[in-house]
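Keeping their order, the protein sequence lines are chains V and H. Using my numbering, the first residue of the first sequence is number 63, and each one after it goes up by one. Using my numbering, the first residue of the second sequence is number 63, and each one after it goes up by one. What follows is a single structure, written as structure tokens, with notes after it.
2 protein chains.
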Amino acid sequence: MSNLAVIGVGMAQVKSSSGKSLTELFVQAAKDAVEDSGVSKLDAMYVGNMMSGFLQNQEHLGSLMASALGREGMPTYKVEAACASGGVAMNAGVKAALSGLDKIVLVGGVEKMSDNSTPKVTAGLMMAEDKLKVATTGVTFVGLNAMIAREYMLKYNVHHEEIAQFPVLCHGNALDNPKAQFHKKISVDDVLQSSLVADPLRLFDCSAMGDGAAALVLAPMDEAKKLTDSPVEVCASTVATDALSLYQRKELTVFEGSRRAAGEAFARAHLTPKDIDVVEIHDAFSVLGIMAIEDLGFADKGSGSELLREGQCSRDGKLPINTFGGLKARGHPVGASGVYQIAELTLQLSNRAEKCQVPNASVGLSQSVGGIGSTVAVHILRRP
Amino acid sequence: MSNLAVIGVGMAQVKSSSGKSLTELFVQAAKDAVEDSGVSKLDAMYVGNMMSGFLQNQEHLGSLMASALGREGMPTYKVEAACASGGVAMNAGVKAALSGLDKIVLVGGVEKMSDNSTPKVTAGLMMAEDKLKVATTGVTFVGLNAMIAREYMLKYNVHHEEIAQFPVLCHGNALDNPKAQFHKKISVDDVLQSSLVADPLRLFDCSAMGDGAAALVLAPMDEAKKLTDSPVEVCASTVATDALSLYQRKELTVFEGSRRAAGEAFARAHLTPKDIDVVEIHDAFSVLGIMAIEDLGFADKGSGSELLREGQCSRDGKLPINTFGGLKARGHPVGASGVYQIAELTLQLSNRAEKCQVPNASVGLSQSVGGIGSTVAVHILRRP
């Protein structure tokens, strides 16, 4: 898959309340990505989004956004895979670019969560789960993740203060990212003393609601090299699923979808976890950040938090993670998060990450999760 | 694009009230398609659907359906493009199969419209339009199509009784299709005397609400020939968009999206309208059926209804249209309709259409429309 590159990115600052419409959010990110890439014509556009129908009573985002961009004509697609919508849209865009039918492909993601009440958005997020068999029980998404956190802590004898290192890392990194939702340094104590949301998860264990949009432009590598001095190669793009619901799983503390998607991605890229210089992880909840370190192959089960304790996951460590703040602090505008991750990796690997730059990063991996690990998209990018 | 084939299809009967869940509807169609194809493993799955978030508070259909099929693991995608969701999902599936990343791809579509009130479904359908600029005016989708119908009749001096031939044709054909929603012969007088919905459109000018699901299996032609004696070649798969809303268009009675998508499809297939033996058209409203005949290149503007008057569009005519009943009479379960069309063409081109069979049909075309012609998917299939 070495003939495809990301050649431009655009990101809106994630905001708790942007005051912008879905269209305004998306169009600005898309225009920025197109301008950054230097292309004039787009051949296709993929829009990742989860909840626009439920929250804004707006579907048909493909045509809506193409039209708002003044680029009607091209084929467009809304791709939905719960919180992995952005990562999965990227994968669909990669397939289009590899099909021979589309050359220059824009992949974007957008979500607007601010113009609805918290109960409504909470209900919206539960659309990732089986409505008839799980959502109707009244359990929320944070509730499901709390069950995982409790099981993880018991099974591996890991304490909350160890897991809480993850949001602390993210908030630290986000201080240098002007596009981040939160610019607020926090400590492990802050996490442990924040209000309880669903035991054992507390407020600072959880990503917040936000409005955001991100976009990037894909091009064949030969075209890319004409357009930019710093194309970033897409080495692998994979999506894997698991049984949808926790009650269907044998094991709560491993996401088989992550293992499958990462395993396939490493195989396709002819790389191993040791080759990765920077990682963007789907830390919707702190425990998911720790589990991802393990499921992606960077640590044994139960020992993910040790890497944080040893300082390995800082930007100057061996395995920098969530270098722009991750879902927790850059923000988690659901359908856009997977695209933010890849845009951020692109900046890292083209030496354009400014204050967030990881020195000498040449290979990066992103992981985007939908539902309770039910869908996982993994991308591996490389400085050519 | 001659190395790809449809090798199996499955269709639920469209029903005004199926009593089945989204999952039950989809799973049965998908299982039927897989059984029909003879494949054991699927490499990817694309699910077309428009309104599950709004109507059932259910998203993440990719993982949900893979899990319900006992086929978790593979990559899955929900694709949304309003009423063209099924046709656009097919196009995304074709791109996946051509990308070299997936070999055996299931494409399905599903919509359940029965467990909500008519006003709620009407609001759901308006999600295809710009919520902030058009939907908030209170106009409905049938209202927008009524404006087109009025303009069409005035501009080309075509009378309602001529347009009304389209639903009459569809209802006639559906009598022989056991999967059709309606088995009721109607006359032009029945259309003209049915209740007024939005002037000039009357009840029998409009497709109805229904529950349904359809699915098909794609495979590379060399694999296909091992699995079945009657693979049907996918000669072309295109999607084109137009400005989203009518107020942005210069011309109301031409769908540029149809022209673009059809033009590209004919070019890729190295075929012309004269080569087409059977057509499945997106006749959500009678006037759209007539306009499609013209925009797809089968008649000059304003003269589409003449083909019907001359009997050319019957199954024994020169250009058989909507041979299983079309959206009007087979039914229009929104996100599934585009997949039904391609499944029906597959049956025609593999000589398995039974009482609906068009004698000696060897090339077929389908047109799936999202919004007011804002997104159009066109497929050309051929008996190899």
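For every residue, glycine included, the Cβ atom is placed at its ideal position computed from N, Cα and C.
Measuring CA to CA, which of the options is closest to residue i?
i                 : options                                       : result
serine 99(V)      : Ala260(V), Lys287(V) and Thr202(V)            : Lys287(V)
proline 395(H)    : Ser430(H), Leu278(H), Lys174(H) and Ala130(H) : Lys174(H)
aspartate 94(V)   : Val71(V), Pro282(V) and Gln310(V)             : Val71(V)
alanine 130(H)    : Ala144(H), Gly115(H) and Ala91(H)             : Ala91(H)
leucine 84(V)     : Gly274(V), Val294(V) and Val250(V)            : Gly274(V)
alanine 391(H)    : Asp238(H), Val109(H) and Val259(H)            : Asp238(H)
threonine 180(H)  : Met271(H), Val279(H) and Ser365(H)            : Met271(H)
arginine 377(V)   : Met353(V), Leu254(V) and Ala415(V)            : Ala415(V)
serine 221(V)     : Gly393(V), Gly366(V) and Lys380(V)            : Reading off the sequence shown, one finds histidine at residue 221(V), where the question assumed serine. Ranking Gly393(V), Gly366(V) and Lys380(V) by Cα distance to histidine 221(V) puts Gly366(V) first.
methionine 113(H) : Lys182(H), Ala159(H) and Val68(H)             : Lys182(H)
lysine 140(V)     : Met152(V), Gly186(V) and Gly205(V)            : Met152(V)
tyrosine 218(V)   : Gly379(V), Glu368(V), Ala185(V) and Gly132(V) : Glu368(V)
leucine 381(H)    : Ser249(H), Gln75(H), Pro421(H) and Ala74(H)   : Pro421(H)
cysteine 375(V)   : Asp357(V), Arg212(V), Thr184(V) and Ile343(V) : Ile343(V)
glycine 373(V)    : Asp337(V), Ser80(V) and Cys232(V)             : Cys232(V)
Cβ of residue i within 8 Å of Cβ of residue j?
i                    : j                    : result
alanine 154(V)       : threonine 138(V)     : no
leucine 308(H)       : isoleucine 442(H)    : no
alanine 398(V)       : valine 230(V)        : no
isoleucine 383(V)    : valine 438(V)        : no
leucine 411(H)       : arginine 444(H)      : yes
proline 335(H)       : glycine 351(H)       : no
alanine 9(V)         : leucine 168(V)       : This structure cannot settle anything about residue 9(V), because the visible part of chain V is limited to 63 through 446.
leucine 314(V)       : isoleucine 210(V)    : yes
proline 446(V)       : proline 282(V)       : no
aspartate 105(H)     : lysine 165(H)        : yes
glycine 426(H)       : aspartate 339(H)     : yes
glycine 162(H)       : valine 109(H)        : no
serine 125(V)        : leucine 306(H)       : yes
glycine 319(V)       : serine 436(V)        : yes
phenylalanine 347(H) : leucine 263(H)       : yes
valine 101(H)        : leucine 289(H)       : yes
methionine 353(H)    : phenylalanine 328(H) : no
alanine 208(V)       : alanine 260(V)       : yes
glutamate 142(V)     : glutamate 134(H)     : no
valine 68(V)         : leucine 216(V)       : no
glycine 186(H)       : phenylalanine 116(H) : yes
serine 176(H)        : serine 256(H)        : no
Helix, strand or coil for residue i, going by three-state DSSP, please let me know.
i                    : result
alanine 144(V)       : coil
methionine 112(H)    : coil
histidine 233(H)     : helix
phenylalanine 347(H) : strand
valine 169(H)        : strand
valine 401(V)        : helix
methionine 136(H)    : coil
threonine 437(H)     : strand
glycine 72(H)        : strand
lysine 77(H)         : strand
methionine 271(H)    : coil
arginine 264(V)      : strand
serine 428(V)        : strand
leucine 104(H)       : coil
leucine 117(V)       : helix
arginine 445(V)      : coil
alanine 361(H)       : coil
glutamate 342(H)     : strand
leucine 123(H)       : helix
leucine 66(H)        : strand
leucine 474(H)       : Absent from the structure is residue 474(H), since the part of chain H shown begins at 63 and ends at 446.
What residues from chain C crowd round residue i, counting only those whose CB sits closer than 7 Å?
i               : result
tyrosine 139(H) : Given the protein chain composition of this structure (V and H), no chain C is represented.
Between the segment 396-413 of chain V and the segment 132-148 of chain V, do at least 3 Cβ pairs fall closer than 8 Å? yes
On the three-pair Cβ rule with 8 Å, is the segment 249-268 of chain H touching the segment 220-228 of chain H? yes
Inter-stretch contact (C-beta, 8 Å, three-pair minimum) for the segment 111-123 of chain V and the segment 184-195 of chain H: yes
Can at least three beta-carbon pairs, one atom from the segment 295-302 of chain H and one from the segment 319-330 of chain H, be found at a separation below 8 Å? yes
Taking three-plus beta-carbon pairs below 8 Å as touching, is the segment 380-395 of chain V in contact with the segment 240-251 of chain V? yes
Which whole runs of the beta strand (DSSP E) in the segment 274-313 of chain V are 3 residues long or more, in chain order? Listed in chain order, the beta strand (DSSP E) elements of length 3 or more contained wholly in the segment 274-313 of chain V are 274-282 and 294-303.
Scan the segment 173-254 of chain V and note each continuous alpha helix (DSSP H) run of 4 residues or more that stays entirely inside, going in chain order. Taken in chain order, the complete alpha helix (DSSP H) segments of 4 or more residues contained in the segment 173-254 of chain V are 180-187, 203-218, 222-225 and 227-236.
Segments assigned alpha helix (DSSP H), at least 4 residues, entirely inside the segment 375-423 of chain V: Complete alpha helix (DSSP H) runs here, min 4: 388-391 and 396-411.
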